[in-house]
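For reference, the structure discussed in these notes is given below.
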Amino acid sequence: MEPREPHAGHRVELVSGIDALPDGLWRGLAPADDPLWSRPVFSAMERGAIGPDGYAYLVVRRGARVVAVLPLCLFGGLRLDRVVGPGERRLLAPVAARAPRLLRLPTLFCGHLLGQGHILGPGRDDPAVARVLVGAVLEFARARRLRTVILKDFAAGELAPLRGALRQHGFTVVPSLPDTELRLPHRSFDAHIAALPAKPRRNARSNIRKFAAHPGLRMEVLDSFAHLLPQVLALYRQVMDRADQTLDELDAAFLAALRPGDGLRTRLVACFAGDRLVAFLLCLFGGAGATGARIGLDYALAHEARLYHNVHYAAIRLAIAAGCRHIRFAQTAYTPKVEFGCDLVAQHHAITHLRPLRRALLRRVLPPALARARADALGRHARDEPRPPDPESRRAPCPE
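See the structure below:
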């Protein structure tokens with residue numbers, strides 16, 4: 000896409016990789032307390048083979064000034080059976096076995112493949128910039144024949160300035176799986192545990208005792224873990240084989256390329272039985288925020304020794320010691336995370352299709368399918384989600 004002037008005063012440029020964006024520009028625009036938005040994470044994504052076939056960045060300028068940046072992930076053939084819930088996947092199984100090509104959707108994701116979506120820059124709240132961005136996204140999708148377009152995991156407030164442009168172009172906005180965020184007001188892990196309600200507090204102490212009852216287990220925090228990559232990937236595979244949805248899969252190239260720098264700090268919480276790695280949690284730190292990005296478990300031992308809980312406890316200890324104000328975890332396993340004290344952070348997808356008939360079908364079929372998958376994932380924790388902050392946000396986004 001060549002630079003152009005879709006509206007007076009605005010120019011859109013397409014950048015093919017993070018290395019083409021100046022360091023200072025990215026640091027000035029990206030959320031300082033969200034390590035997933037650090038430059039090294041995007042660089043590692045581009046160097047790995049974690050799912051997308053390509054990456055791009057839409058840059059909107061007003062004069063010489065950058066007012067908005069939106070990352071894009073390109074999937075030439077996203078596997079539908081890997082991103083729906085288990086019920087829908089069972090229904091699609093015969094099609095996947097006999098005609099797998101029918102389930103591959105050319106798709107453009109906007110935002111962040113691994114985290115919450117954002118539009119970066121001072122123009123993100125400007126409806127005029129929103130119109131420019133949405134128009135540029137659709138133009139890019141048409142040029143690359145990526146007929147399904149998804150703004151992934153955006154907070155309601157971040158979608159609000161886009162509302163008019165999304166409605167104009169036929170997007171449907173649906174709730175996505177909430178994120179999980181643990182606020183860290185306490186100065187020690189013991190103080191955090193003591194502040195939990197009675198049942199979660201008892202469960203946490205029981206989980207710690209059960210881990211300690213296995214004398215052969217030890218927990219370490221590693222700055223470098225390249226020598227452990229084969230074991231890390233084997234444990235990660237055990238988790239991914241049990242996952243309901245697999246939009247992305249981290250690989251050795253991503254993990255090898257993920258280097259600290261530009262404000263990013265990386266740590267691996269690693270649990271060993273003797274010399275054998277039996278659990279890990281990859282932790283990223285940036286500013287006052289932390290993220291427990293990806294986990295791996297040996298399921299032969301995980302339940303008995305409470306490995307899942309204890310690697311998360313170690314990550315919480317690390318975040319508190321680093322002075323973080325919050326730590327975020329993945330969009331799965333809501334029961335233990337609510338017990339840790341996490342809040343559920345509401346998020347939304349905005350979805351459209353470039354062809355009118357398929358767009359109409361998408362509007363009819365997708366919201367209930369996603370709602371069922373979401374309800375299955377949340378279970379009883381649907382009631383823990385925050386209510387919309389004002390009457391405006393309770394209106395159905397982008398009504399038909």
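When the sequence shown is numbered by numbering that gives the first Met the number 0, its final residue is 399 and no position is left out of the sequence of numbers.
Heads up, the beta-carbon is just placed ideally off N, CA and C, and yes, glycines get one too.
In chain order, what residues of the same chain have a beta carbon less than 7 Å from the beta carbon of residue i, not counting five sequence neighbours either side?
i             : result
lysine 209    : Ala304, Arg305
aspartate 389 : Confidence at aspartate 389 is low in this model, with a pLDDT of 37, below 50, so its placement is unreliable and the value that follows should be read with caution. So the list is empty, once near-sequence residues are dropped.
serine 15     : Ala55
leucine 369   : Val173
cysteine 72   : Pro51, Tyr54, Phe108, Leu112
glycine 110   : Pro70, Gly116, His117, Leu150, Lys151, Asp152, Phe153
arginine 293  : Tyr235, Leu249, Leu281
arginine 480  : Here the chain covers residues 0 to 399 and nothing more, so residue 480 does not appear.
leucine 296   : Leu234, Gln237, Val238, Ala278, Leu306, Tyr307
alanine 194   : His185
Measuring alpha carbon to alpha carbon, tell me which residue in the options is nearest residue i.
i                 : options                        : result
arginine 26       : Ser37, Asp18, Phe279, Tyr307   : Ser37
arginine 264      : Asp274, Gly286, Arg316         : Gly286
arginine 146      : Phe74, Leu249, His302          : Phe74
arginine 61       : Ser15, Cys270, Arg10           : Arg10
phenylalanine 188 : Ala329, Gln330, Tyr312         : Tyr312
arginine 316      : Cys72, Ala142, Ala96, Phe339   : Phe339
proline 174       : Ala349, Arg358, Arg363         : Ala349
arginine 78       : Pro99, Glu138, Ala345          : Pro99
threonine 171     : Leu257, Leu113, Ala372, Lys151 : Lys151
arginine 141      : Ala159, Pro105, Ala127, Gly169 : Pro105
alanine 203       : Pro214, His191, His213         : His191
valine 128        : Phe224, Pro160, Leu102, Gly114 : Pro160
aspartate 375     : Gly295, Asn206, Leu296, Asp243 : Asp243
alanine 155       : Ser205, Gly23, Ala345          : Ala345
arginine 130      : Ala194, Val59, Ala301          : Val59
proline 196       : Ala48, Cys341, Pro367, Pro34   : Cys341
alanine 63        : Leu257, Gly8, Thr331, Leu343   : Gly8
serine 223        : Arg266, Arg123, Arg201, Leu119 : Arg266
arginine 241      : Gly262, Leu132, Thr331         : Thr331
With a cut-off of 8 Å on the beta carbons, I'd call residue i and residue j a contact; round off their distance for me.
i                 : j                 : result
alanine 255       : leucine 216       : At roughly 27 Å, the Cβ-Cβ gap does not stay under 8 Å, so alanine 255 and leucine 216 are not in contact.
phenylalanine 153 : histidine 352     : At roughly 18 Å, the Cβ-Cβ gap does not stay under 8 Å, so phenylalanine 153 and histidine 352 are not in contact.
glycine 116       : glutamate 180     : At roughly 15 Å, the Cβ-Cβ gap does not stay under 8 Å, so glycine 116 and glutamate 180 are not in contact.
glutamine 237     : tyrosine 298      : 6 Å
glycine 291       : phenylalanine 328 : 5 Å
valine 68         : tyrosine 56       : 6 Å
leucine 13        : phenylalanine 108 : At roughly 16 Å, the Cβ-Cβ gap does not stay under 8 Å, so leucine 13 and phenylalanine 108 are not in contact.
proline 21        : valine 66         : The pair is not a contact, with the Cβ atoms about 15 Å apart (cut-off 8 Å).
valine 148        : valine 220        : At roughly 41 Å, the Cβ-Cβ gap does not stay under 8 Å, so valine 148 and valine 220 are not in contact.
leucine 132       : histidine 168     : With 8 Å as the limit, leucine 132 and histidine 168 do not qualify as a contact, their Cβ atoms being about 11 Å apart.
arginine 103      : glycine 76        : 3 Å
Indicate the three-state DSSP secondary structure (helix, strand or coil) for residue i in the structure shown.
i             : result
valine 131    : helix
histidine 348 : strand
leucine 228   : helix
valine 82     : coil
alanine 272   : strand
alanine 164   : helix
threonine 331 : coil
valine 11     : strand
glutamate 248 : coil
leucine 104   : strand
arginine 266  : strand
histidine 117 : coil
alanine 155   : helix
histidine 191 : helix
histidine 302 : helix
proline 177   : coil
isoleucine 17 : helix
histidine 185 : coil
alanine 381   : helix
Short of 6 Å in beta carbon distance, which residues of its chain neighbour residue i, apart from the five on each side in sequence? Order them along the chain.
i                 : result
glycine 260       : Pro39
leucine 246       : Val82
proline 30        : Trp36
arginine 182      : His325
arginine 394      : Here arginine 394 scores only 35 on pLDDT, less than 50, and its place in the model is too uncertain to base an answer on.
asparagine 309    : Phe210
aspartate 32      : Gly286, Ala287, Gly288
methionine 218    : Cys270, Ala313
proline 396       : Because the pLDDT at proline 396 is just 34, under 50, the model does not fix this residue reliably, and the value given afterwards should be weighed accordingly. Contacts found: Val172.
alanine 135       : Val11, Leu57
alanine 19        : none
phenylalanine 253 : Ala43, Gly47, Ile49
lysine 198        : none
alanine 321       : Phe284
leucine 361       : His352
Might you give, ordered along the chain, the residues of its own chain that have their beta carbon closer than 8 Å to the beta carbon of residue i, omitting 5 neighbours on each side?
i             : result
glycine 378   : Tyr333, Thr334
isoleucine 17 : Trp25, Arg38, Phe41, Ser42, Glu45, Tyr54, Tyr56
arginine 186  : Ile319
I'd like to know whether the C-beta of residue i is nearer than 9 Å to at least one C-beta of chain C.
i           : result
leucine 150 : Note that chain C does not occur in the displayed structure, where there is just one protein chain.
Three or more C-beta pairs below 8 Å linking the stretch 40–51 and the stretch 153–165: No, the stretch 40–51 is not in contact with the stretch 153–165.
Validate contact between the stretch 275–282 and the stretch 227–238 using beta carbons, cut 8 Å, 3 pairs: A contact exists between the stretch 275–282 and the stretch 227–238.
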